[in-house]
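Number of protein chains: 2
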Amino acid sequence: TRARASRADADAAVEAFLNTLKYDDGGLVAAIAQDVDTGAILMQGYANRDAVAYTLKHRKATFWSRSRSQLWCKGETSGNYIAIDSVHVDCDKDSLIYLGVPTGPTCHTGAHTCYYKRVDGPDGAATKASGGRHAAEEALTTLYELEATIEARRVEAKKEGVKPSWTRRLLDDPELLCKKIREEAGELCQTWEENEGKEAAANEMADVLYHSMVMLNKQGVSMTDVLGVLRKRFGTSGVDEKASRPPKKLINVSK
Amino acid sequence: TRARASRADADAAVEAFLNTLKYDDGGLVAAIAQDVDTGAILMQGYANRDAVAYTLKHRKATFWSRSRSQLWCKGETSGNYIAIDSVHVDCDKDSLIYLGVPTGPTCHTGAHTCYYKRVDGPDGAATKASGGRHAAEEALTTLYELEATIEARRVEAKKEGVKPSWTRRLLDDPELLCKKIREEAGELCQTWEENEGKEAAANEMADVLYHSMVMLNKQGVSMTDVLGVLRKRFGTSGVDEKASRPPKKLINVSK
Ligand SMILES: [Zn+2]
Ligand SMILES: [Zn+2]
Ligand SMILES: [Zn+2]
Ligand SMILES: [Zn+2]
Ligand SMILES: [Zn+2]
Ligand SMILES: [Zn+2]
Ligand SMILES: [Zn+2]
Ligand SMILES: [Zn+2]
Ligand SMILES: [Zn+2]
Numbered sequence: 001t002r003a004r005a006s007r008a009d010a011d012a013a014v015e016a017f018l019n020t021l022k023y024d025d026g027g028l029v030a031a032i033a034q035d036v037d038t039g040a041i042l043m044q045g046y047a048n049r050d051a052v053a054y055t056l057k058h059r060k061a062t063f064w065s066r067s068r069s070q071l072w073c074k075g076e077t078s079g080n081y082i083a084i085d086s087v088h089v090d091c092d093k094d095s096l097i098y099l100g101v102p103t104g105p106t107c108h109t110g111a112h113t114c115y116y117k118r119v120d121g122p123d124g125a126a127t128k129a130s131g132g133r134h135a136a137e138e139a140l141t142t143l144y145e146l147e148a149t150i151e152a153r154r155v156e157a158k159k160e161g162v163k164p165s166w167t168r169r170l171l172d173d174p175e176l177l178c179k180k181i182r183e184e185a186g187e188l189c190q191t192w193e194e195n196e197g198k199e200a201a202a203n204e205m206a207d208v209l210y211h212s213m214v215m216l217n218k219q220g221v222s223m224t225d226v227l228g229v230l231r232k233r234f235g236t237s238g239v240d241e242k243a244s245r246p247p248k249k250l251i252n253v254s255k
Numbered sequence: 001t002r003a004r005a006s007r008a009d010a011d012a013a014v015e016a017f018l019n020t021l022k023y024d025d026g027g028l029v030a031a032i033a034q035d036v037d038t039g040a041i042l043m044q045g046y047a048n049r050d051a052v053a054y055t056l057k058h059r060k061a062t063f064w065s066r067s068r069s070q071l072w073c074k075g076e077t078s079g080n081y082i083a084i085d086s087v088h089v090d091c092d093k094d095s096l097i098y099l100g101v102p103t104g105p106t107c108h109t110g111a112h113t114c115y116y117k118r119v120d121g122p123d124g125a126a127t128k129a130s131g132g133r134h135a136a137e138e139a140l141t142t143l144y145e146l147e148a149t150i151e152a153r154r155v156e157a158k159k160e161g162v163k164p165s166w167t168r169r170l171l172d173d174p175e176l177l178c179k180k181i182r183e184e185a186g187e188l189c190q191t192w193e194e195n196e197g198k199e200a201a202a203n204e205m206a207d208v209l210y211h212s213m214v215m216l217n218k219q220g221v222s223m224t225d226v227l228g229v230l231r232k233r234f235g236t237s238g239v240d241e242k243a244s245r246p247p248k249k250l251i252n253v254s255k
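Sequence order for the protein chains is E and X. The numbering used here applies: residue 1 is where the first sequence begins, and numbers increase by one. The numbering used here applies: residue 1 is where the second sequence begins, and numbers increase by one.
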């Protein structure tokens with residue numbers, strides 16, 4: 001009965017929260033599904049009171065389908081759920097973020113986000129660098145833009161008489177790449193050891209990230225994979241950074 | 001007159017695009033402003049035809065204010081614009097992403113995003129780790145969750161008889177931290193040198209990232225600063241990865 005009482009408390013808290021939302025004339029708030037690892041906006045729909053309640057209770061992104069006038073737990077038919085990590089509300093309480101992990105492509109077209117078309121070029125479709133699992137005109141944030149640029153360099157055709165890009169040279173010469181990664185890690189440490197200041201630290205971290213990401217590309221690994229590893233180590237699951245502590249290695253380090 | 005003709009072509013392309021959008025009964029589509037560096041969703045509003053046109057033309061996130069029934073170029077009065085990097089439309093053409101760089105806090109409350117409240121805890125306000133410039137209940141993606149966890153370890157009080165966390169030990173012993181950063185960079189290289197496979201590469205990259213981010217915290221530098229550096233080097237500005245190529249260093253490397 002203690003469990004039942006606590007369940008009733010939780011239900012009451014959810015009801016109280018649902019009462020604070022500012023629904024529109026159709027009883028809806030906006031709901032934006034965002035990938036917890038990459039930050040990619042996957043889709044945006046609308047949620048009524050029941051859809052928000054269902055999302056909170058079942059930890060799966062759920063919307064109100066305006067076209068079909070019914071509750072729509074995303075993935076119910078396709079199997080491509082968005083497992084909820086957390087839910088956030090905006091300042092005027094008419095918009096939610098469903099932050100979560102998609103179990104497959106979100107879009108019915110098979111794209112992993114519904115926003116795969118860029119529209120602000122002079123011709124309504126300017127081209128951004130793209131590669132890997134990203135569509136050419138997706139809303140890539142800086143880290144993924146860099147990842148896509150590296151991939152574009154990997155697949156670019158060699159041109160007679162034109163020097164290859166620096167990225168391409170690194171991809172073609174992994175020993176040089178390894179030298180650079182070790183060197184840049186050292187330079188990042190030096191910014192502290194020699195007290196070089198914040199700007200130098202940011203610049204050296206950028207060097208470390210870029211060269212390490214070229215190495216990931218070389219091995220066919222995406223930043224999404226890496227962030228998945230970090231989430232499992234540090235995420236809201238309760239596991240904290242202890243998981244990244246390798247005791248045996250630590251002994252080696254102390255030698 | 002060639003410039004004028006090309007301007008007319010561009011205007012016609014924008015008009016054609018505006019005709020493809022699926023406006024609701026109020027003549028609106030949803031518009032989500034997202035930080036191009038961090039991926040943080042800054043705010044969500046609505047845009048009519050004029051607001052989208054204004055956004056595309058002036059490269060500043062612009063909405064239709066439903067409460068004031070007027071065009072609202074965000075930052076017009078506060079000075080906190082969102083400079084547009086690119087604009088993307090979703091598959092059913094009723095929702096846009098304004099991907100850009102905020103020049104200040106987006107929210108009228110002074111928060112840098114309007115989504116600063118988490119609502120899915122049993123009491124409607126569960127606590128996530130948080131630190132630095134992030135609010136405690138923001139929708140942090142994995143990289144920023146990690147950054148916030150590191151900051152939380154930095155500020156946590158030492159407890160009598162309780163071993164400090166691994167992160168705290170690294171922060172308190174920067175020489176150990178530097179050793180680890182150099183070691184992890186070497187281990188990432190080894191995954192290629194010893195052909196250890198993708199999973200090992202993702203794990204070692206996670207190690208490199210985590211330890212490097214502890215070093216950033218040690219020096220008061222945020223990942224946002226680092227991504228700003230990378231955007232300036234690799235962004236859509238046309239500058240490509242050549243900017244990250246240090247010719248003098250390269251000579252040293254070849255020694
Ligand atoms: Zn709102
Ligand atoms: Zn879609
Ligand atoms: Zn993508
Ligand atoms: Zn460097
Ligand atoms: Zn849509
Ligand atoms: Zn706000
Ligand atoms: Zn934040
Ligand atoms: Zn190690
Ligand atoms: Zn390692």
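Note that the Cβ used here is the ideal one computed from N, Cα and C, for glycine as well. Predicted model only: the values in this text are computed from it and were never measured.
**OP:** Can you pull the chain X residues whose beta carbon is under 7 Å from the beta carbon of Leu216(E), in chain order?
**Re:** Within chain X, the residues near Leu216(E) are Ala201, Met205.
Original post:
On the three-state DSSP scale, how would you describe Arg118(X)?
Top reply: Shown here, Arg118(X) sits in a strand according to DSSP, grouped into three states.
**OP:** Flag Cys107(E) as yes when its Cβ comes closer than 7 Å to any non-hydrogen atom of ligand 5, and as no otherwise.
**Re:** Checking every heavy atom of ligand 5 against the Cβ of Cys107(E), none is found closer than 7 Å.
Original post:
Looking only at C-alpha atoms, which of Gln190(X), Ala206(X), Lys180(X) sits nearest to Leu143(X)?
Top reply: The shortest Cα separation from Leu143(X) among Gln190(X), Ala206(X), Lys180(X) belongs to Ala206(X).
**OP:** Measuring only between beta-carbons, confirm whether Tyr115(E) sits less than 8 Å from chain X.
**Re:** At a cut-off of 8 Å between beta carbons, Tyr115(E) contacts chain X.
**OP:** Apply the 10 Å Cβ neighbour rule to Ile251(X) and answer buried if 16 or more other Cβ atoms are within range, or exposed otherwise.
**Re:** In this predicted model, Ile251(X) has a pLDDT of only 30, less than 50, meaning its place in the structure is not dependable enough to derive any value.
Original post:
Along chain E, which residues have their Cβ under 7 Å away from the Cβ of Ser69(X)?
Top reply: By Cβ distance, chain E contributes nothing, its closest Cβ being about 15 Å from Ser69(X), past 7 Å.
Subject >> Any C-beta of chain X under 8 Å from that of Thr103(E) >> reply: Closer than 8 Å: no.
**OP:** Give every residue whose Cβ lies closer than 5 Å to any heavy atom of ligand 1, listed in chain order.
**Re:** In chain order, the residues positioned with their C-beta nearer than 5 Å to some heavy atom of ligand 1 are Asp90(E), Asp92(E), Asp94(E), Ser95(E).
Original post:
So which residues touch the region around ligand 9, with touch meaning a C-beta under 6 Å from any heavy atom?
Top reply: Result: Glu184(X), Glu187(X), Glu204(X), Asp207(X).
**OP:** Under 6 Å Cβ to Cβ from Gly27(E), same chain only, skipping five residues before and after it: list those, please.
**Re:** Spatial neighbours of Gly27(E) in its own chain (CB-CB distance under 6 Å, excluding positions within 5 residues in sequence) are listed in chain order as Asn48.
**OP:** With a threshold of 7 Å, establish whether the CB of Gln44(X) neighbours any heavy atom of ligand 5.
**Re:** The answer is no for Gln44(X).
Original post:
Per DSSP, what kind of secondary structure is Leu18(E) in: helix, strand or coil?
Top reply: In the structure shown, Leu18(E) falls within a helical segment according to DSSP collapsed to helix, strand and coil.
Original post:
Which residues in the same chain have their Cβ closer than 6 Å to the Cβ of Met43(E), if we skip the five residues on either side of it in sequence?
Top reply: For Met43(E), same chain residues with a beta-carbon under 6 Å away, outside a window of 5 residues either side, are Ala33, Thr106, Cys114 in chain order.
**OP:** With a 10 Å radius around its C-beta and 16 neighbouring C-beta atoms as the bar for buried, classify His134(X) as buried or exposed.
**Re:** Per the 10 Å Cβ criterion, buried.
Original post:
Looking at the unbroken alpha helix (DSSP H) that takes in Val162(E), where does it start and where does it end?
Top reply: First-last for Val162(E): undefined, no H or E at that position.
Original post:
How about the segment 193-203 of chain E and the segment 135-155 of chain E: do they share at least three Cβ pairs that are nearer than 8 Å?
Top reply: The answer is no - the segment 135-155 of chain E does not touch the segment 193-203 of chain E, with fewer than three Cβ pairs under 8 Å.
**OP:** Would you check if the segment 56-66 of chain X and the segment 9-23 of chain E touch, i.e. whether three or more CB-CB distances between them fall below 8 Å?
**Re:** Under the three-pair Cβ rule at 8 Å, the segment 9-23 of chain E does not count as touching the segment 56-66 of chain X.
**OP:** Could you confirm whether any beta carbon from chain X is found closer than 8 Å to the beta carbon of Asp173(E)?
**Re:** Answer no: the Cβ-Cβ gap between Asp173(E) and chain X never drops below 8 Å.
**OP:** Determine the burial state of Asn217(X): buried for a count of at least 16 other Cβ atoms within 10 Å of its Cβ, exposed for fewer.
**Re:** Flag for Asn217(X) reads buried.
**OP:** Check whether the Cβ of Ser78(E) lies closer than 8 Å to any Cβ atom in chain X.
**Re:** So no, Ser78(E) is outside the interface.
Subject >> The beta strand (DSSP E) enclosing Ala83(E), as first and last residue numbers >> reply: Run containing Ala83(E): 82-89, per the beta strand (DSSP E) assignment.
Subject >> Length of the line joining the Cα atoms of Lys117(X) and Val119(E) >> reply: Separation of Lys117(X) and Val119(E) (C-alpha to C-alpha, rounded to the nearest whole angstrom) is 31 Å.
Original post:
Using 8 Å as the limit for Cβ to Cβ distance, is Gly186(E) near chain X?
Top reply: Yes, its Cβ sits closer than 8 Å to a Cβ of chain X.
Original post:
What whole-angstrom Cβ distance do Val36(X) and Asp92(X) have, given they're in contact under 8 Å?
Top reply: At roughly 24 Å, the Cβ-Cβ gap does not stay under 8 Å, so Val36(X) and Asp92(X) are not in contact.
Subject >> DSSP state of Thr141(X) mapped onto helix, strand, coil >> reply: When DSSP states are grouped into helix, strand and coil, Thr141(X) belongs to the coil group.
Original post:
If the cut is a Cβ gap below 8 Å, which residues of chain X does Glu156(E) touch?
Top reply: Result: empty, since nearest Cβ-Cβ is about 11 Å, beyond 8 Å.
Original post:
Going by DSSP, what residues sit across from Tyr98(E) in a beta bridge?
Top reply: In DSSP, Tyr98(E) forms a bridge with Ala33(E), Val87(E).
Original post:
Met43(X) bridges to which residues according to DSSP?
Top reply: For Met43(X), DSSP records a beta bridge to Ala33(X).
**OP:** In the DSSP assignment, find the unbroken alpha helix (DSSP H) run with Thr62(E) in it and report its ends.
**Re:** No alpha helix (DSSP H) contains Thr62(E), which is instead part of the beta strand (DSSP E) from 62-65.
Original post:
Cβ of Cys114(X) within 7 Å of any heavy atom in ligand 5?
Top reply: In terms of side-chain proximity, the C-beta atom of Cys114(X) is found no nearer than 7 Å to any non-hydrogen atom of ligand 5.
Subject >> Where Thr236(E) sits in the DSSP three-state scheme >> reply: Note that Thr236(E) scores a pLDDT of 47, beneath 50, so its modelled location is shaky and nothing firm can be said.
**OP:** Would you check if the distance between the CB atom of Val208(E) and the CB atom of Leu188(E) is smaller than 8 Å?
**Re:** Going by C-beta atoms, Val208(E) is nearer than 8 Å to Leu188(E).
**OP:** Can you give me the start and stop residues for the beta strand (DSSP E) that Cys73(E) sits inside?
**Re:** Annotation for Cys73(E): the continuous beta strand (DSSP E) segment containing it runs 70-73.
**OP:** Say whether chain X places a C-beta atom closer than 8 Å to the C-beta of Ile97(E).
**Re:** Yes, Ile97(E) counts as interfacial toward chain X.
**OP:** Throw me the rounded Cβ distance for the Gly39(E) and Phe63(E) pair, which I believe falls under 8 Å.
**Re:** Not confirmed; about 20 Å, so no contact.
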